[in-house]
Amino acid sequence: MRFDDDIFDFANFGKGQAPAEPEAAMASDEGADAADRAEAKRAHRRTKECTELSQRYEYRRAFSEVRMLEAMKYVPLQDGHTYNFITAGDVDSLSFLKVVLNQHDLDFMLCSTWCMAAEDILQIQQWWEAGRIKKFDMYMGEIFPGSYKIEWQMVKKFYAAHPDVGRAAIFKNHSKIYAGCNVADGFYFGIQTSANINTNPRTEQGSITVDKGIFDFYKDYFDGINSFEK
38 MRFDDDIFDF ANFGKGQAPA EPEAAMASDE GADAADRAEA KRAHRRTKEC TELSQRYEYR
98 RAFSEVRMLE AMKYVPLQDG HTYNFITAGD VDSLSFLKVV LNQHDLDFML CSTWCMAAED
158 ILQIQQWWEA GRIKKFDMYM GEIFPGSYKI EWQMVKKFYA AHPDVGRAAI FKNHSKIYAG
218 CNVADGFYFG IQTSANINTN PRTEQGSITV DKGIFDFYKD YFDGINSFEK
């Protein structure tokens, strides 16, 4: 990220906050400060091998799903990277999954949402039919069976006909998560968004993290969920 000097001017930052110290006092403190810094450096020196790479972060803005997909068209999703987005338009959480599917088919995926639209349920099922997603689990909020009756029937009907594909679970849920993998490609990811799986014109934020740790983190949690509904 670039900070232009004419926009962010730190020349006067901190001025006038404390009176100047006498020169003698400042000089007498220099030796102590140097010793403290040396000790701090020794104390924080690495004492074991580095076993985890730091995440690298990239940033994208999109005001429609089309612009979001276009922005990521030539950006390969790399292991150890997190891609952050701020959106304002026809972008829901499924849009982030489309970014992934543009580069990888998935052996497995889980999705978690408070609610979702019938069109989006159908889209996921069509990706399964096309072989883009082999297995998937779906987790919805407790309002879903009562407030989204048609959509809930679609989900139940699908899993009744295809029990080996995965499962659906209803619980006290307000999270918006995807996690998935393509084992042959060595590709594992997690998606975290503020958006549900239904399109709305509000500003939303989201991120795609390419990392096996985040995949395992979410899969382990959601595998342990017991559904209110059978």
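Take 38 as the starting number for the sequence shown in the numbering used here and just add one per residue.
Beta carbons: idealized from backbone N, C-alpha and C, even for Gly.
Burial state of E102 is buried, judged by a 10 Å Cβ sphere holding 16 or more other Cβ atoms. Within the model, the alpha-carbon separation for E266 versus F181 is close to 10 Å. With a cutoff of 8 Å on beta-carbon distance, K171 and L134 are scored as not near each other. Residues Y176, I262, S264 of the same chain have their beta carbon placed closer than 6 Å to that of A206, with the five preceding and five following residues left out of the count. Beta-bridge partners assigned by DSSP to Y258: none are found.
In this model, D116 and F122 are separated by some 18 Å (Cα to Cα). With at least 16 other beta carbons inside 10 angstroms of its own, L131 counts as buried.
Counting only residues of its own chain and dropping the five nearest sequence neighbours on each side, T124 has a CB closer than 6 Å to the CB of A99, E241. G203 and F224 do not touch by the CB rule: their CB atoms are close to 19 Å apart, not below 8 Å. Per DSSP, the beta bridge partners of A99 are T124.
Spanning the alpha carbons of C218 and S184 requires a straight line of approximately 31 Å. Taken through DSSP and simplified to helix, strand or coil, Q242 comes out as strand. A residue is called buried when at least 16 other Cβ atoms come within 10 angstroms of its Cβ; G227 meets this threshold and is buried.
The beta carbon of M109 sits closer than 8 Å to the beta carbons of R97, Y120, V136, N139 from its chain, once the five residues preceding and following it are set aside; these are given in chain order. Taking 8 Å as the upper bound for CB-CB distance, A232 and K213 are in contact here, some 6 Å apart. The C-alpha of Y94 is placed about 6 Å away from the C-alpha of H118. With contacts defined as CB atoms closer than 8 Å, L159 and F259 fail to qualify as a contacting pair.
Check the Cα spacing between V128 and each of W165, R169, I161, T236: the tightest is with T236. Looking at the DSSP output, G227 shares a beta bridge with A216, T246.
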